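In what follows, a single structure is set out as structure tokens and then discussed.
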Amino acid sequence: MATASDAPVLDTLTAMTIDSIERCGLDEGTLILTRIAALVAVDAPPISYLAHAGAAADANLTAEQLQDVLVAIAPVVGTARVMSAAGHMAEAFGLALALAEAEAETIAEAEAQSMGKA
């Protein structure tokens, strides 16, 4: 019987991802680039790219490497998918940067407040 959860869909996706990573022999960067290529092929929404932003950063992937993936797969998936993906990626990574900046501001404010109380 399945376990009760407040986020069963997210839990399932997480379990699938963990299982996939454990069974895959690709290095971290190649794995993420491959997943990005798959997202482009299925015309995934920005949230799907956002879900990979942290892993892409952890793998030290560059914007140039992401662009190279788009260039490499363009003849296969087509111009419309690549252009759609570029927009979705920009939106997702822009959101990831905005979230990181907001988190940094919150931490800085908390530290400033704690210093003022000390």
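The sequence shown maps to residues 26 to 143 in the working numbering.
From the three backbone atoms N, C-alpha and C, an ideal C-beta is built for every residue, glycine too.
Keep in mind it's a predicted model, so treat the numbers as computed, not measured.
- Close CB contacts of residue 62 within its chain, under the 6 Å cut and outside five residues either way in sequence, are with 94 and 98 (chain order).
- Residues of the same chain with a CB within less than 7 Å of the CB of residue 102, apart from the 5 flanking positions on each side, are 65 and 66 in chain order.
- In the three-state scheme derived from DSSP, where H, G and I count as helix and E and B as strand, residue 50 is classed as coil.
- A straight line joining the alpha-carbon of residue 47 with that of residue 81 spans about 17 Å.
- Burial state of residue 57 is buried, judged by a 10 Å Cβ sphere holding 16 or more other Cβ atoms.
- Residue range 71 to 83 is occupied by the alpha helix (DSSP H) that includes residue 76.
- By alpha-carbon distance to residue 73, the top candidate from 128, 87, 130 and 112 is 112.
- By alpha-carbon distance to residue 71, the top candidate from 123, 140, 115 and 40 is 115.
- Under the criterion of beta carbons closer than 8 Å, residue 88 and residue 121 do not qualify as touching, at roughly 13 Å.
- Our two residues, residue 84 and residue 38, have alpha carbons roughly 21 Å apart in a direct line.
- A distance below 7 Å separates the beta carbons of residue 36 and residue 30.
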